[in-house]
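Peer 1: Right, I'll just put the structure down here and ask away after.
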Amino acid sequence: MYPSSKTCSNCRHFQPMPLRERVFNCQRCGIEIERDLNTSINLENAPQDQVGRALSELNACGEDKCRHAS
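One gets my numbering by counting positions in the sequence shown from 1 and adding 5 to each.
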């Protein structure tokens with residue numbers, strides 16, 4: 006699994022981060038950014054071979070095939 010929420014979107018530093026923390030404070034470069042924004046930047050810039058499989062296997066329903074799609 007790609008560590009998108011535990012990696013700094015500015016300097017790529019990886020650090021542990023409990024889910025209850027909502028702001029990412031990088032211990033290396035000092036950036037302070039909202040956790041979900043940091044994650045979305047990382048996923049947008051991530052190598053497709055690391056996240057592409059996960060994105061193709063998941064959907065908004067959290068199932069292999071969404072029953073709500075028409």
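Just so you know, even glycine gets a beta-carbon here, dropped at the ideal spot from N, CA and C.
Using a Cβ-Cβ cutoff of less than 6 Å, which residues in the same chain neighbour Arg27 once the five nearest sequence positions on both sides are dropped?
Peer 2: Counting from 1 along the sequence shown, the entry for residue 27 is found at position 22. Counting only Cβ-Cβ distances below 6 Å, and skipping sequence neighbours, we find Arg40.
Peer 1: Along the chain, where does the beta strand (DSSP E) containing Glu39 start, and where does it finish?
Peer 2: The residue labelled residue 39 in the question sits at position 34 within the sequence shown. Note, Glu39: beta strand (DSSP E), Glu37 to Glu39.
Peer 1: For His18 and Thr12, what's the separation of their Cα atoms in angstroms?
Peer 2: As a first step, residue 18 must be located in the sequence shown, where it is residue number 13. As a first step, residue 12 must be located in the sequence shown, where it is residue number 7. Approximately 6 Å between the Cα atoms of the pair.
Peer 1: In the structure shown, what three-state DSSP assignment does Asn15 receive?
Peer 2: Looking up residue 15 in the sequence shown gives position 10. Three-state DSSP puts Asn15 in coil, outside helix and strand.
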